[in-house]
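Asker: Chains F and X supply the protein sequences, listed in that same order.
Under our numbering, the first residue of the first sequence carries the number 3, and numbering increases by one thereafter.
Under our numbering, the first residue of the second sequence carries the number 3, and numbering increases by one thereafter.
Idealized CB from N, CA, C, for every residue including glycine.
Pasting in a structure now, in structure tokens, and then I'll have a few things to ask.
Protein chains: 2
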Amino acid sequence: MEKTKVAIVGLGTVGSGVARLLLDYGDRTARHAGRTLWLEQVVVRDLAKPRDCDLPEGILSNDLRKITGDPEISAVAHLVGGLEPARSIMVSLLESGKDVVTANKALLAEHGPELFDLARELGRSIAFEASVAGGIPIIANISQCLSANQIESLTAILNGTSNYILTQMDERGADYAAALAEAQRMGYAEADPTMDVDGTDTAQKLAILAHLAFGARVHWRDIPRQGIDGLDVTDLRFARELGYRIKLLAVAELAAEGLELHVSPTLVKAGTPLAEVRGAYNAVRVVGDAVGKVFFHGLGAGQMPTASAVVADLIDTVVGRTAITFRSLELWSQREARVAARDPANISGRSYLRFNVEDRPGVMSEITGALGRRGISIASVIQREPPAGDGAVVPLVIMTHRTTEGALQTAMQDIDRLNCVRAGSVRIRIRD
Amino acid sequence: MEKTKVAIVGLGTVGSGVARLLLDYGDRTARHAGRTLWLEQVVVRDLAKPRDCDLPEGILSNDLRKITGDPEISAVAHLVGGLEPARSIMVSLLESGKDVVTANKALLAEHGPELFDLARELGRSIAFEASVAGGIPIIANISQCLSANQIESLTAILNGTSNYILTQMDERGADYAAALAEAQRMGYAEADPTMDVDGTDTAQKLAILAHLAFGARVHWRDIPRQGIDGLDVTDLRFARELGYRIKLLAVAELAAEGLELHVSPTLVKAGTPLAEVRGAYNAVRVVGDAVGKVFFHGLGAGQMPTASAVVADLIDTVVGRTAITFRSLELWSQREARVAARDPANISGRSYLRFNVEDRPGVMSEITGALGRRGISIASVIQREPPAGDGAVVPLVIMTHRTTEGALQTAMQDIDRLNCVRAGSVRIRIRD
């Protein structure tokens with residue numbers, strides 16, 4: 003059987019999984035590729051580090067030139083995290099004539115345009131299925147399988163760490179700190195979880211999906227984002243009482259005025275597929291004008307789900323499918339963006355609001371009055387009897403009907419200025 | 003922009019949808035294909051029939067030679083149902099050098115091997131995403147996106163008509179006949195719904211998926227199958243009381259002894275994704291050894307979801323991706339089947355049993371004794387107080403623990419021979 007030489011740069015968790023699939027299950031890749039994918043070389047930074055896989059004698063080195071200098075290696079799995087040296091390594095690989103497969107979404111979200119331009123100039127390709135939603139093949143589904151559609155919206159849970167924490171908070175009543183500690187203990191959150199819980203990771207993935215689905219050339223930093231790190235378990239409890247769950251959603255929705263894009267904790271109706279995504283799973287709901295609603299659910303991270311996506315990309319690359327897709331998609335090309343971002347102030351939707359208010363007559367009327375003056379009408383309200391004692395502060399929860407973001411922000415400022423309202427007002431979007 | 007000529011044979015519901023996507027949304031296909039897909043010719047059997055789409059002057063005919071005789075037409079959407087003349091039309095298309103895209107699962111399930119062999123001999127390709135699960139791109143996902151995995155199981159709802167009827171029975175308490183009539187009224191069931199409700203359609207689709215996922219060369223007639231046409235709404239009610247829904251499931255599961263394959267109404271735990279698939283939707287749950295569980299949900303039929311799959315295949319075909327996939331997959335090739343079917347008698351699982359029994363002392367002990375003698379243990383039982391009156395016959399519902407199919411069938415025969423048991427015993431599988 004024909005043999006195509008491939009290589010790996012970076013032998014962390016995902017890299018080891020990829021090596022294992024190539025070495026131990028070569029029959030499988032051969033069956034789908036019609037040739038053997040031969041792991042010729044693995045390059046790491048630190049040779050002394052203990053590894054999670056057994057490599058054949060002599061293929062591990064710390065010298066990238068072992069790959070860039072070998073013209074027989076045609077495709078390389080680039081599994082180095084972060085921005086540098088990840089970026090320079092990718093440039094060296096492309097310049098030495100390699101097609102590259104990567105799982106590094108931060109690198110693509112930050113340097114996608116220049117790297118894709120470079121690959122195009124050099125007649126090479128970059129495949130990146132593993133960069134978004136791990137084991138869910140969402141890149142291939144959007145860019146190939148649903149290509150007859152105008153995608154109308156994407157609604158997705160793209161960060162397993164955040165979803166694991168939210169599930170703990172929702173199902174066990176744990177507060178954010180306790181749920182985060184549990185996620186760290188279980189290996190679902192890193193020692194420094196900032197990028198996962200503050201929405202950065204989700205925004206980077208959304209930027210990639212928005213580019214693919216809508217031709218939107220948006221930098222992830224320009225996507226309005228809010229993480230779960232400020233969430234109070236009180237709001238998950240009220241949400242549950244109202245028949246909702248809170249999820250960290252990435253939303254991209256097309257309207258006549260442009261594209262709505264944001265990442266934020268969101269109330270999702272209990273019983274709907276997105277609301278029922280639990281633990282470290284990811285999910286993507288795509289609406290296309292021909293296909294209707296399609297829903298994908300799977301593990302968004304982890305060694306083998308991510309390695310599964312990387313090896314599928316390696317197969318697509320060596321058989322030549324990636325080159326065709328890469329050429330026709332013109333990813334991050336210099337062509338005009340097909341769609342512009344909408345002004346967030348004009349975007350409308352429903353909201354969940356919680357105010358800490360004094361327990362005295364007239365408060366409800368002051369607050370509902372402030373909403374009414376901005377044309378915001380109320381769908382439902384929860385106000386409890388206060389605990390014993392005078393001058394108590396009680397939570398007042400309001401679910402609004404649809405209103406624009408601009409009107410809502412103004413009304414919230416008005417309300418926060420009222421004497422009866424204490425600090426700590428909360429606003430969470432609702433996605434119907 | 004480069005222009006590739008394509009054609010359609012058959013202008014029924016799906017054909018009209020495909021024509022509309024090609025004619026009205028050419029910019030979209032051009033963007034993904036890097037060239038215009040130019041609809042050059044449409045061939046139908048009966049020119050007089052009213053059509054659901056406006057075609058440009060002069061492209062409609064009833065002469066297949068307008069396509070086979072035009073060497074500039076490279077890819078053809080074959081949207082003719084049934085076996086003949088669908089088979090001969092496909093042969094003519096392949097022999098005249100066309101790559102073919104089809105939605106006809108019956109044709110592939112029946113004549114797949116010879117048609118695929120012919121295409122290979124002639125250096126042509128057949129794409130068939132639309133033949134299974136309509137708008138869910140399950141063919142591409144199994145054959146490309148999950149190609150690094152050994153697929154361990156497929157569990158799927160593949161017939162929208164049956165699922166619509168089951169949803170009506172479950173949610174409205176309608177009996178089978180009333181639910182079928184409603185499905186016909188709503189356009190979800192044909193005037194003659196036999197192939198949908200007796201499991202034939204599902205078995206044909208399962209045969210295609212089992213071939214792709216496991217290399218199993220099984221004829222759909224050899225897949226044990228049972229439809230929903232014999233279901234009693236009583237059993238949906240008991241299932242619901244026990245925390246389950248009844249779904250028409252297609253199951254393919256790999257074990258050391260071979261492949262388990264069957265189509266049957268099955269109890270699925272309420273709250274799990276498959277149990278919550280409602281109405282005319284389809285869903286597929288795939289377990290791969292690397293990726294873990296992946297779940298796909300979408301519309302399994304209908305004009306535009308199916309047309310979406312056909313046009314995606316046309317794009318893949320004209321850009322050259324299909325040829326690569328078709329070559330490397332060796333579909334229905336003469337190579338050894340990679341896996342054999344398991345002996346159904348050795349397959350084990352849990353079952354729901356309902357017996358119509360006389361309401362007198364000792365009956366429960368006779369039945370549980372008969373199960374015990376075959377080594378079948380009982381997980382739960384429902385027996386109600388009988389209606390007033392002597393000699394009443396009451397339902398006795400038993401959920402078993404895991405047992406082999408062989409032991410279960412023998413025990414059921416033993417039980418049916420007991421004096422206290424009347425006709426009409428029911429057995430439904432449980433899928434945990």
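1. Which chain F residues sit within Cβ distance under 9 Å of Ala158(X)?
2. Among Val395(F), Leu110(F) and Val321(F), which residue has its Cα nearest to the Cα of Thr38(F)?
3. Please compile the residues from chain F whose C-beta is within a distance smaller than 8 Å of the C-beta of Gly300(X).
4. By the criterion of Cβ-Cβ separation under 7 Å, what are the contact partners of Val313(X) in chain F?
5. Anything in chain X within Cβ reach of Val321(F), meaning under 7 Å, just list it in chain order.
6. Using alpha carbons as the reference points, say which of Pro397(F), Ala50(F) and Leu410(F) lies closest to Gly426(F).
7. Assuming the contact rule is C-beta atoms closer than 8 Å, Ile317(X) and Ser149(F) should be a hit. Round their C-beta distance to whole Å, please.
8. By the 7 Å beta-carbon criterion, what residues does the stretch 18 to 40 of chain F contribute toward chain B?
9. Please report the Cβ distance between Leu233(F) and Pro267(F), rounded to the nearest whole angstrom; I am assuming they are in contact, meaning their Cβ atoms lie under 8 Å.
10. Going by C-alpha distance, which of Leu251(X), Ala129(X), Thr236(X) and Ser127(X) is nearest Asp172(X)?
11. Against Asp318(X), what residues of chain F qualify as contacts under a CB-to-CB distance less than 7 Å, listed in chain order?
12. Tell me which residues of the stretch 154 to 179 of chain F have at least one Cβ-Cβ distance to chain X shorter than 9 Å, keeping chain order.
13. Cutting at 8 Å between CB atoms, please list the residues of its own chain near Ala277(X), excluding the five before and the five after it.
14. For Arg174(X), is the classification buried or exposed, using 16 other Cβ atoms within 10 angstroms of its Cβ as the cut-off for buried?
15. What residue from Val279(X), Ala35(X) and Val313(X) has the CA that sits closest to Phe298(X)'s CA?
16. Against Ile138(X), what residues of chain F qualify as contacts under a CB-to-CB distance less than 8 Å, listed in chain order?
17. Quick one: is Ala339(X) near chain F, going by C-beta distance under 9 Å?
18. Using beta-carbon positions only, say whether Gly281(F) and Gly162(F) come within less than 9 Å of one another.
19. Among residues of its own chain, excluding the 5 on either side of Pro388(X), which ones have a beta-carbon nearer than 6 Å to its beta-carbon?
20. Determine the burial state of Asn64(X): buried for a count of at least 16 other Cβ atoms within 10 Å of its Cβ, exposed for fewer.
21. Whose Cβ in chain F lies nearer than 7 Å to the Cβ of Asn143(X)?
22. Using 8 Å as the Cβ pair cut-off and three pairs as the minimum, do the stretch 134 to 144 of chain F and the stretch 300 to 320 of chain F touch?
23. Quick check: does the Cβ of Gly19(X) come within less than 8 Å of any heavy atom belonging to the ligand NAP?
24. Which residue wins for smallest C-alpha separation from Leu238(X), given the options Arg30(X), Val11(X), Ile432(X) and Val8(X)?
25. Count Cβ pairs between the stretch 322 to 332 of chain X and the stretch 400 to 414 of chain X that sit closer than 8 Å; are there 3 or more?
26. Kindly say whether Ser310(X), judged by its beta-carbon, lies nearer than 9 Å to any beta-carbon of chain F.
27. Kindly indicate which residue of Asp26(F), Val11(F), Ala381(F) and Gly229(F) has the alpha-carbon position closest to the one of Leu81(F).
28. DSSP state of Leu168(F), grouped into three classes?
29. What whole-angstrom Cβ distance do Ala181(F) and Arg287(F) have, given they're in contact under 8 Å?
30. Please classify Thr196(X) as buried or exposed, where buried requires at least 16 neighbouring CB atoms within 10 angstroms.
31. What residue range is occupied by the uninterrupted alpha helix (DSSP H) comprising Gly371(F)?
32. Tell me whether Ala258(X) is buried or exposed, calling it buried when 16 or more other Cβ atoms sit within 10 Å of its Cβ.
33. Using a Cβ-Cβ cut-off of 7 Å (strictly less than) and excluding sequence neighbours within five positions of Asn151(F), which residues of its own chain qualify?
34. Can you list, in chain order, the residues of its chain with a C-beta nearer than 7 Å to that of Ser310(X)? Leave out the 5 residues immediately preceding and following it.
35. Taking three-plus beta-carbon pairs below 8 Å as touching, is the stretch 179 to 194 of chain F in contact with the stretch 213 to 223 of chain F?
36. Below 8 Å on the Cβ atoms is my contact criterion, and I expect Asp200(F) with Asp231(F) to pass it. Report the Cβ-Cβ distance as a whole number of Å.
Answerer: In brief:
1. Those within 9 Å of Ala158(X) in chain F number zero; the least Cβ separation is about 14 Å.
2. Val321(F)
3. Val293, Gly294, Lys295, Val296 and Phe297
4. Ala150
5. Ile326 and Ser330
6. Comparing alpha carbon positions, the residue from Pro397(F), Ala50(F) and Leu410(F) closest to Gly426(F) is Pro397(F).
7. Rounded to whole angstroms, the Cβ separation of Ile317(X) and Ser149(F) is 5 Å, and the two are in contact under 8 Å.
8. The displayed structure is made up of protein chains F and X, and chain B is not among them.
9. 6 Å
10. Thr236(X)
11. Per Cβ cutoff of 7 Å: Gln146.
12. Those would be none; no residue qualifies.
13. Tyr246, Arg247, Lys249, Val270 and Lys271
14. exposed
15. The closest CA to that of Phe298(X), considering only Val279(X), Ala35(X) and Val313(X), is found on Val279(X).
16. Val296
17. no
18. In this structure, Gly281(F) places its C-beta atom within 9 Å of the C-beta atom of Gly162(F).
19. Correct list, in chain order: Asp361, Ala394 and Val396.
20. exposed
21. Pro139
22. yes
23. Among the components modelled here there is no ligand, and therefore nothing to report on the ligand NAP.
24. Comparing Cα positions, the closest option is Ile432(X).
25. no
26. yes
27. Val11(F)
28. helix
29. Rounded, the Cβ-Cβ distance is 25 Å, inconsistent with contact.
30. exposed
31. Segment Val365 to Arg375, the alpha helix (DSSP H) holding Gly371(F).
32. exposed
33. Excluding sequence neighbours, Asn151(F) sits near Gly290, Asp291, Ala292 and Val293.
34. Gly137
35. no
36. Their Cβ separation, rounded to whole angstroms, is 6 Å, which keeps Asp200(F) and Asp231(F) in contact under 8 Å.
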